[in-house]
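Sequential numbering from 2 applies to the sequence shown in the numbering used here.
Note that the Cβ used here is the ideal one computed from N, Cα and C, for glycine as well.
Quantities reported herein were computed from a predicted structural model and do not represent experimental measurements.
Everything on this sheet refers to the single structure shown next.
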Amino acid sequence: MSAGLRRAVARLPAAAGASFLGQASAARGLTSLSYRAGLSQGAVRLPQAAAQHGGLQNGLGQVRLFSDKTEVKTPELGGESITEGQIGEWNVKVGDNVKKGDVIAVIETDKVTVDVKADRDGQVLEIKVQADETCEVGQALCVLGPPGE
């Protein structure tokens with residue numbers, strides 16, 4: 002168990018910490034625990050599988066589930082002076098599966114053309130900026146979710 006996980010569990014109320022330790026270590030997909038100061042009962046971050054194991058019962062904390070959705074944002078466009086571009090084309094459509102590094106869109110400016118690459122494997126759930134629309138650096142272009150069938 003990582004040092005951060007041990008510290009977070011140590012801050013839980015004694016009854017929850019003891020029951021949670023054994024059950025959480027057995028739960029699949031446990032990624033992290035965190036304590037939020039100011040909450041009298043503490044807050045625990047863990048996936049749904051761990052929560053269903055009963056690690057936090059009787060109102061001893063609150064469960065925060067992680068989302069598998071990720072926004073792909075407009076990358077830097079070649080310099081501080083270039084702050085926006087236009088989507089030239091989408092190489093994917095909603096429902097397509099992509100691999101990390103796949104070129105999913107092309108952004109064009111007066112000076113450069115920039116490929117937008119997928120930052121992880123996943124399925125395109127939503128396209129937020131359509132072809133020929135303007136986008137700014139850092140703006141969400143599309144949403145990726147877990148890979149689908």
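In the DSSP assignment, what residue or residues form a beta bridge with I128?
Taking the first residue of the sequence shown as position 1, residue 128 is located at position 127. The beta-bridge partner set that DSSP reports for I128 consists of C143.
When DSSP labels each residue in this structure, what does T75 get in the three-state scheme?
Mapped onto the sequence shown, residue 75 falls at position 74. Correct three-state label for T75: coil.
Using 10 angstroms around the beta-carbon of G86, count the other beta-carbons present and answer buried if the total reaches 16, otherwise exposed.
Along the sequence shown, read from residue 1 onward, the residue named residue 86 stands at position 85. In this structure G86 is buried. Its beta-carbon is surrounded by 16 or more other beta-carbon atoms within 10 angstroms.
Just list the residues that DSSP pairs K100 with in beta bridges.
Residue numbering aside, residue 100 sits at position 99 when the sequence shown is read from its first letter. DSSP, once it has assigned bridges, lists no residue as partnering K100.
A132 classed as buried or exposed, judged by whether at least 16 other C-beta atoms fall within 10 angstroms
Counting from 1 along the sequence shown, the entry for residue 132 is found at position 131. By the 10 Å Cβ count, A132 comes out exposed.
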